[in-house]
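Trainee:
Numbering (our numbering), first residue to last: 597 to 916.
In structure tokens:
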């Protein structure tokens, strides 16, 4: 990177871009850990809910021919790509006087703002898991209902649009420990699809704020650690069946006011029903202004995110 700056857009832009890149390259991105990340080529994407495909039929019971079964339509979800921007102004005097620290601070601060925006957006579904509307990453109130009209974590998710009588719950209120994880895992594995058959959910991940990291790793064990697989707190050397089989995601962007909440997740289903779509990944660039003698460095992007179904997650809203 050059240290001798010039008031020339051809010189300034690559320097600003390099500063921006340096600030972003080593930051941990939680989005791929929690979302099905895809590219979008439209203003919005529509996700069609499709019901269960049932079970096979015995040949003799289908008149000795292939048994064809209809699939019910579930709820539709539309995720709109929204446009986001941020920018910084660098006065020409900073360039002429070689105020490198000030310039670096402003550009790297811009990169950090873009990163934090996305990470805070990525946990909105957790921060608002128990409500139908709540604050977004900037504190503005938005709706967070699923296509079935319920909060992500609710006690009464209907089986289908055609069957609102039968419901099931993915809502709890118990602190995280081995017993509550065990109970939650069993409840998730007992869920039914819209036909009443087993949904075959396998919870293999727990998402927590830093407050619950210790409790989570007591259950899951430490990655790559050769430790005795005993139940935490057990005086009888009972085997911990979950140790080594559960992944822990400690996300520091979960709202501290909800730090005791935790979420059991089927990671395969999470990648199926939790969507992050890039329409235009953040792009940064510069321009100099003749009249005001300032250089403007901006970042602009378009993306969307949302959930199409609740059945990848069981949330515990733990009150003090």
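Cβ atoms here follow ideal geometry from the backbone N, Cα and C, with glycine treated the same way.
At the level of alpha carbons, what is the spacing between residue 866 and residue 893?
Mentor: Here residue 866 refers to the residue found at position 270 when the chain shown is read from its first residue. Here residue 893 refers to the residue found at position 297 when the chain shown is read from its first residue. When rounded, the distance between both Cα atoms is 36 Å.
Trainee: Within 10 angstroms of its Cβ, does residue 784 collect 16 or more other Cβ (buried), or is it exposed?
Mentor: In the chain shown, counting from the first residue as 1, residue 784 sits at position 188. Buried is the call here.
Trainee: Name the one or two DSSP bridge partners that residue 802 has.
Mentor: Position 206 of the chain shown, counting from 1, holds the residue named residue 802. According to DSSP, which records beta bridges pairwise, residue 802 is partnered with 844 and 860.
Trainee: Tell me whether the beta-carbon of residue 685 lies closer than 9 Å to the beta-carbon of residue 702.
Mentor: The count along the chain shown starts at 1 and reaches residue 685 at position 89. The count along the chain shown starts at 1 and reaches residue 702 at position 106. Their beta carbons are under 9 Å apart, which means residue 685 touches residue 702 by this criterion.
Trainee: For residue 655, name the three-state secondary structure that DSSP assigns.
Mentor: For the purposes of this step, residue 655 is identified with residue 59 of the chain shown, where counting begins at 1. Helix at residue 655.
Trainee: How would you call residue 737, buried or exposed, if buried means at least 16 neighbouring beta carbons within 10 angstroms?
Mentor: To locate residue 737, count along the chain shown from 1; it is residue 141. Classification for residue 737: exposed.
Trainee: Please classify residue 860: is it buried, with 16 or more other beta-carbons within 10 angstroms of its beta-carbon, or exposed?
Mentor: As a first step, residue 860 is located in the chain shown; it is residue number 264 there, counting from the start. The residue is buried, with at least 16 neighbouring Cβ atoms inside 10 Å.
Trainee: Does DSSP put residue 749 in a helix, in a strand, or in coil?
Mentor: Taking the first residue of the chain shown as 1, we reach residue 749 at position 153. Residue 749: coil per DSSP, three-state reduction.
Trainee: Looking at residue 805: is its Cβ nearer than 9 Å to the Cβ of residue 850?
Mentor: Within the chain shown, the letter at position 209 stands for residue 805. Within the chain shown, the letter at position 254 stands for residue 850. Cβ distance < 9 Å, so residue 805 and residue 850 count as in contact.
Trainee: Please list, in chain order, all residues of the same chain as residue 668 whose beta carbon is under 7 Å from its beta carbon, the five residues on each side excluded.
Mentor: Mapped onto the chain shown, residue 668 falls at position 72. Hits under 7 Å: 647, 756, 758 and 790.
Trainee: To the nearest angstrom, report how far apart residue 726 and residue 750 are at their CA atoms.
Mentor: To locate residue 726, count along the chain shown from 1; it is residue 130. To locate residue 750, count along the chain shown from 1; it is residue 154. Rounded to whole angstroms, residue 726 to residue 750 spans 7 Å at the Cα level.
Trainee: Measure the CB-CB distance between residue 711 and residue 872 and report whether it falls below 9 Å.
Mentor: Working through the chain shown from its first residue, we reach residue 711 at position 115. Working through the chain shown from its first residue, we reach residue 872 at position 276. The answer is no: Cβ separation not under 9 Å.
Trainee: Taking only the alpha-carbon atoms, compute the straight-line gap between residue 762 and residue 752 and give it to the nearest angstrom.
Mentor: Here residue 762 refers to the residue found at position 166 of the chain shown. Here residue 752 refers to the residue found at position 156 of the chain shown. Roughly 8 Å separates the two Cα atoms.
Trainee: Are the CB atoms of residue 778 and residue 862 nearer to each other than 9 Å?
Mentor: Position 182 of the chain shown, counting from 1, holds the residue named residue 778. Position 266 of the chain shown, counting from 1, holds the residue named residue 862. Contact: no.
Trainee: What whole-angstrom Cβ distance do residue 802 and residue 842 have, given they're in contact under 8 Å?
Mentor: Taking the chain shown and counting its residues from 1, the one referred to as residue 802 is at position 206. Taking the chain shown and counting its residues from 1, the one referred to as residue 842 is at position 246. Residue 802 to residue 842, Cβ: 6 Å. Contact.
Trainee: Looking at the C-beta of residue 905, does it have a partner C-beta in chain D at a distance below 9 Å?
Mentor: Absent here is chain D; the protein component of the structure consists of one chain.
Trainee: Are the beta-carbon atoms of residue 881 and residue 609 separated by less than 9 Å?
Mentor: Position 285 of the chain shown, counted from the first residue, corresponds to residue 881. Position 13 of the chain shown, counted from the first residue, corresponds to residue 609. For residue 881 and residue 609, yes; Cβs fall inside 9 Å.
Trainee: Can you tell me the Cα-Cα spacing of residue 768 and residue 623, whole angstroms?
Mentor: Taking the first residue of the chain shown as position 1, residue 768 is located at position 172. Taking the first residue of the chain shown as position 1, residue 623 is located at position 27. About 33 Å.
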